[in-house]
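> Structure below; questions to follow.
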């Protein structure tokens, strides 16, 4: 079991008399699916360093250790590449993704996505897990991407994301000057019926989408915004501002001008979440990329 992913807890009054299964489900956020995978794939449950069945009861001050089975890499091929790692611990990997790189392999690119590079990084370090990307970005959006380094952390972080407990801040360049200068866009988003890629505001079929923004700088024909998402719909920022007549610069899919930047001027600059095991606030930022800085200089 050397190198295996494991977690341990010392049982207090709230956990004593519970079975291992009850403790993990009720107190530690284990899903039925994860427990089933543990059973089928050779996971282990130890009380005070001795193997136990999941139906065993826990006592005060027992040490429960869960040893997770190694995860299969699946269909993601490992590709050697330089990763811009902002932060890493045994449960998280935070990366600064460049524009032009997809987060996951696609039909037209099976080898050079961010996930391919992460899988290679795991293989090189002997980390026994596959790639679990928590916060994805569009191919041509740059910035911070949060990755869970095991499926247990992924389950907890995904649940936090559903509850809007992972906060992402973006910078964006939009066409014109939006009013008011500080505001919230609430407009439901759905896939456009005539496209497999485009999304649109659709008041009948769309899912709830909420975007908060604040103008940081105003130029002659554009504005620099700071944006925080309350929901995470596909293309949400791009669709919302296009719908209001303020398409992102460089975003040719949604009507943005492409003479000052060659991709949508959108960058995830900061992310904040609560560590799922240490329960402390985690916040990280990254610098604005050179092409957005150059775009600002052109407009000044």
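Numbering (the UniProt record's numbering), first residue to last: 1 to 300.
The beta-carbon is built from N, C-alpha and C at its ideal position, and this holds for glycine as well.
Give the single residue among 292, 274, 273 and 240 whose Cα lies nearest to the Cα of residue 260.
For this step, residue 260 is matched to residue 260 along the chain shown. For the residues 292, 274, 273 and 240, the minimum Cα distance to residue 260 belongs to 292.
> Using a Cβ-Cβ cut-off of 7 Å (strictly less than) and excluding sequence neighbours within five positions of residue 191, which residues of its own chain qualify?
Here residue 191 refers to the residue found at position 191 of the chain shown. So the qualifying residues of the chain are 199.
> How long is the line joining the alpha carbons of residue 172 and residue 207, rounded to whole angstroms?
Position 172 of the chain shown, counting from 1, holds the residue named residue 172. Position 207 of the chain shown, counting from 1, holds the residue named residue 207. Using only the alpha carbons, I get a separation of about 23 Å.
> Enumerate, from N- to C-terminal direction, the unbroken beta strand (DSSP E) stretches of 3 or more residues contained entirely within the segment 106-186.
Entirely contained in the segment 106-186, the beta strand (DSSP E) runs reaching 3 residues are, in chain order, 142-148, 167-175 and 182-186.
> I need the straight-line Cα distance from residue 193 to residue 237, nearest angstrom please.
As a position in the chain shown, residue 193 is number 193, starting the count at 1. As a position in the chain shown, residue 237 is number 237, starting the count at 1. Residue 193 and residue 237: Cα-Cα distance of roughly 19 Å.
> Does residue 59 come out as helix, strand or coil in the three-state DSSP assignment?
One-based indexing of the chain shown puts residue 59 at position 59. Note: residue 59 maps to coil in three-state DSSP.
> Based on the DSSP output, what are the partners of residue 45 in its beta bridges?
Taking the first residue of the chain shown as position 1, residue 45 is located at position 45. Answer by DSSP bridge pairing, in chain order: 66.
> Once you ignore the five residues that flank residue 132 on each side, which residues in its own chain have a CB closer than 7 Å to its CB?
Here residue 132 corresponds to residue number 132 of the chain shown, with the count starting at 1. Closer than 7 Å at Cβ, skipping near neighbours: 147, 148, 151 and 154.
> With DSSP collapsed to three states, give me the class of residue 85.
In the chain shown, counting from the first residue as 1, residue 85 sits at position 85. Correct three-state label for residue 85: strand.
> Just to confirm my understanding: we take residue 156, look at its own chain, exclude 5 residues before and 5 after, and list those with CB closer than 6 Å. What are they?
Along the chain shown, one-based indexing puts residue 156 at 156. Closer than 6 Å at Cβ, skipping near neighbours: 29 and 276.
> Could you please give the first and the last residue of the uninterrupted beta strand (DSSP E) stretch that includes residue 215?
Position 215 of the chain shown, counted from the start, is the residue given in the question as residue 215. From DSSP, the beta strand (DSSP E) with residue 215 extends over 210-218.
> Alpha helix (DSSP H) containing residue 10: first to last residue?
As a working note, residue 10 is residue 10 in the chain shown. Looking at the DSSP string, residue 10 is not in any alpha helix (DSSP H); the run it does join, the beta strand (DSSP E), is 6-10.
> Would you call residue 60 buried or exposed, if buried means 16 or more other Cβ atoms sit within 10 Å of its Cβ?
Along the chain shown, one-based indexing puts residue 60 at 60. Exposed, because fewer than 16 other Cβ atoms sit within 10 Å of the Cβ of residue 60.
> On the CB-based measure, 16 or more other CB atoms within 10 Å of its CB, does residue 15 come out buried or exposed?
Position 15 of the chain shown, counted from the first residue, corresponds to residue 15. When all chains shown are included, residue 15 counts as buried.
> Would you mind giving the Cβ-Cβ distance between residue 271 and residue 144, rounded to the nearest angstrom? I have them listed as a contact below 8 Å.
The count along the chain shown starts at 1 and reaches residue 271 at position 271. The count along the chain shown starts at 1 and reaches residue 144 at position 144. Between residue 144 and residue 271 the Cβ distance is about 5 Å, and since that is below 8 Å, they are a contact.
> Which residues share a DSSP beta bridge with residue 236?
Taking the chain shown and counting its residues from 1, the one referred to as residue 236 is at position 236. BP columns for residue 236 are empty, so no partner.
> Between which two residues does the beta strand (DSSP E) carrying residue 274 extend?
For the purposes of this step, residue 274 is taken as the residue at position 274 of the chain shown. Counting along the chain, the beta strand (DSSP E) containing residue 274 begins and ends at 266-274.
> Return yes when the Cβ of residue 161 is within less than 8 Å of the Cβ of residue 66, no when it is not.
Indexing the chain shown from 1 puts residue 66 at position 66. Indexing the chain shown from 1 puts residue 161 at position 161. No.
> Does residue 250 pass the burial test, meaning 16 or more other C-beta atoms within 10 Å, or should it be called exposed?
Position 250 of the chain shown, counted from the start, is the residue given in the question as residue 250. Per the 10 Å Cβ criterion, buried.
> DSSP three-state label for residue 290, please.
Stepping through the chain shown from its first residue, residue 290 is reached at position 290. The answer is helix: DSSP assigns residue 290 an H, G or I state.
> Enumerate in chain order the residues of its own chain whose CB-to-CB distance from residue 187 is below 7 Å, with the five nearest sequence positions on each side excluded.
Numbered from its first residue, the chain shown carries residue 187 at position 187. So the list reads 201, 209, 240 and 243, once near-sequence residues are dropped.
> How is the alpha helix (DSSP H) around residue 325 delimited, first residue to last?
Here the chain comprises residues numbered 1 to 300, so residue 325 is not present and cannot be evaluated.
> Give a yes or no on whether the C-beta atoms belonging to residue 253 and residue 266 are separated by under 8 Å.
As a working mapping, residue 253 is identified with position 253 in the chain shown. As a working mapping, residue 266 is identified with position 266 in the chain shown. No. Outside cutoff.
> Compute the beta-carbon to beta-carbon distance between residue 246 and residue 166, rounded to the nearest angstrom, for a pair I have assumed lies under 8 Å.
Here residue 246 refers to the residue found at position 246 when the chain shown is read from its first residue. Here residue 166 refers to the residue found at position 166 when the chain shown is read from its first residue. Incorrect: roughly 26 Å between the Cβ atoms, too far for contact.
> Taking 7 Å as the cut-off, is the beta-carbon of residue 27 closer than that to any non-hydrogen atom of the ligand MN?
Here there are no bound small molecules, and the ligand MN is not part of this structure.
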